[in-house]
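Quick note, the sequences are listed as chains R and C, same order. When we follow my numbering, the leftmost residue of the first sequence carries the number 10, and every step to the right adds one. When we follow my numbering, the leftmost residue of the second sequence carries the number 13, and every step to the right adds one. Idealized CB from N, CA, C, for every residue including glycine. What you are looking at is a predicted structure, and each value in this text was computed from that prediction instead of being measured. Encoded as structure tokens, the structure appears first; notes follow it.
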Amino acid sequence: GAVVSQHPSRVICKSGTSVKIECRSLDFQATTMFWYRQFPKKSLMLMATSNEGSKATYEQGVEKDKFLINHASLTLSTLTVTSAHPEDSSFYICSAIRTGGADGYTFGSGTRLTVV
Amino acid sequence: AQTVTQSQPEMSVQEAETVTLSCTYDTSESNYYLFWYKQPPSRQMILVIRQEAYKQQNATENRFSVNFQKAAKSFSLKISDSQLGDTAMYFCAFSLYDKVIFGPGTSLSVIP
Numbered sequence: 010g011a012v013v014s015q016h017p018s019r020v021i022c023k024s025g026t027s028v029k030i031e032c033r034s035l036d037f038q039a040t041t042m043f044w045y046r047q048f049p050k051k052s053l054m055l056m057a058t059s060n061e062g063s064k065a066t067y068e069q070g071v072e073k074d075k076f077l078i079n080h081a082s083l084t085l086s087t088l089t090v091t092s093a094h095p096e097d098s099s100f101y102i103c104s105a106i107r108t109g110g111a112d113g114y115t116f117g118s119g120t121r122l123t124v125v
Numbered sequence: 013a014q015t016v017t018q019s020q021p022e023m024s025v026q027e028a029e030t031v032t033l034s035c036t037y038d039t040s041e042s043n044y045y046l047f048w049y050k051q052p053p054s055r056q057m058i059l060v061i062r063q064e065a066y067k068q069q070n071a072t073e074n075r076f077s078v079n080f081q082k083a084a085k086s087f088s089l090k091i092s093d094s095q096l097g098d099t100a101m102y103f104c105a106f107s108l109y110d111k112v113i114f115g116p117g118t119s120l121s122v123i124p
């Protein structure tokens, strides 16, 4: 089955620094990947849609300069949280689709970001 | 804009019993996909079942089945013979043009 690998699973960084999260589709090519943010006991909030070779499409209210997304290949998308602050602490999840939504979405295992 | 509503924030069920989780959605589109995802304490999102809107037949996957009422825009999930491993957050999701919108979730606890 389709597998999406997300790293790191946990990261602690100092306020003001940047942190990069990787999302890889291991056994399929993902032309589109998605990045979500999830607060405790809450639903997944879509942050942006990442398309290979083009600029990401951000949802309303998501700061493009704070959350940099790069989708340089058909198997890798990265989310960089720049100048991180404690309020950026959250659980970030990526997902990828193989075809136009019919097969469902495969999710990475998520990244717990803590900014101190 | 599409929205997904889950009116039951928390539910519990006795082991081996049956439970139904509710989901309603709003859209003006006619072709779309609906999903139920499970998120156990590990927080890994797991696809439980999916339904294509143009198919009238309700999807089933082993102990999981849905009641899809397109006119009512309702998509409930029935879990039969509940097991302890079914304890998780359950999210109803709507997909159109590749974008997925999630409902707020229902926390299900299976009681031994």
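Residue i in three-state terms, based on DSSP
i, result
"L83(R)", "coil"
"L88(R)", "strand"
"E41(C)", "coil"
"E72(R)", "coil"
"E27(C)", "coil"
"L108(C)", "strand"
"E61(R)", "coil"
"L96(C)", "helix"
Start-to-end residues for the beta strand (DSSP E) that takes in residue i
i, result
"D38(C)", "36-38"
"H16(R)", "13-16"
"T120(R)", "120-124"
"F76(C)", "76-81"
"A71(C)", "Looking at the DSSP string, A71(C) is not in any beta strand (DSSP E), and its letter there is neither H nor E."
Cβ pair residue i, residue j closer than 8 Å
i, j, result
"Q38(R)", "T84(R)", "yes"
"I91(C)", "E73(C)", "no"
"A105(C)", "V31(C)", "no"
"S52(R)", "T120(R)", "no"
"Y44(C)", "S107(C)", "yes"
"K73(R)", "Y67(R)", "yes"
"M23(C)", "T118(C)", "yes"
"F116(R)", "V13(R)", "yes"
"S40(C)", "A65(C)", "no"
"V122(C)", "V25(C)", "yes"
Top-ranked residue by Cα proximity to residue i, from the options
i, options, result
"A13(C)", "S77(C), Y102(C), F114(C), S94(C)", "F114(C)"
"F43(R)", "A11(R), A57(R), G119(R), Q15(R)", "A57(R)"
"V71(R)", "H16(R), F116(R), G10(R), V90(R)", "V90(R)"
"I102(R)", "S63(R), A11(R), N79(R), F48(R)", "F48(R)"
"K67(C)", "Q81(C), R75(C), L59(C)", "Q81(C)"
"T40(R)", "S52(R), A11(R), N60(R), L55(R)", "N60(R)"
"L96(C)", "S19(C), A28(C), P21(C), E22(C)", "A28(C)"
"F47(C)", "I123(C), Q20(C), D110(C), A83(C)", "D110(C)"
"S99(R)", "R46(R), Q69(R), S82(R)", "R46(R)"
"S19(C)", "S121(C), L120(C), V122(C), P116(C)", "P116(C)"
"K64(R)", "A81(R), K50(R), M54(R), R33(R)", "A81(R)"
"S118(R)", "V124(R), V125(R), S104(R)", "S104(R)"
"G62(R)", "V125(R), M54(R), N79(R), Y114(R)", "N79(R)"
"L120(C)", "G10(R), K50(R), L35(R), I30(R)", "K50(R)"
"R107(R)", "K29(R), E31(R), Q15(R), L35(R)", "L35(R)"
"G10(R)", "N79(C), P124(C), L59(C), F76(C)", "L59(C)"
- request: State whether the stretch 86-101 of chain R contacts the stretch 25-41 of chain R, with contact taken as three or more CB pairs (one from each stretch) at a distance under 8 Å.
  value: The stretch 86-101 of chain R and the stretch 25-41 of chain R touch, with no fewer than 3 CB-CB distances between them shorter than 8 Å.
query: Counting pairs of beta carbons, one from the stretch 27-43 of chain C and one from the stretch 82-96 of chain C, are three or more of them closer than 8 Å?
result: Counting Cβ pairs under 8 Å, three or more are found: they touch.
message: For the stretch 88-104 of chain C against the stretch 38-58 of chain C, do three or more pairs of beta-carbon atoms, one drawn from each stretch, fall closer than 8 Å, so that the two count as touching?
response: Touching, per the Cβ criterion.
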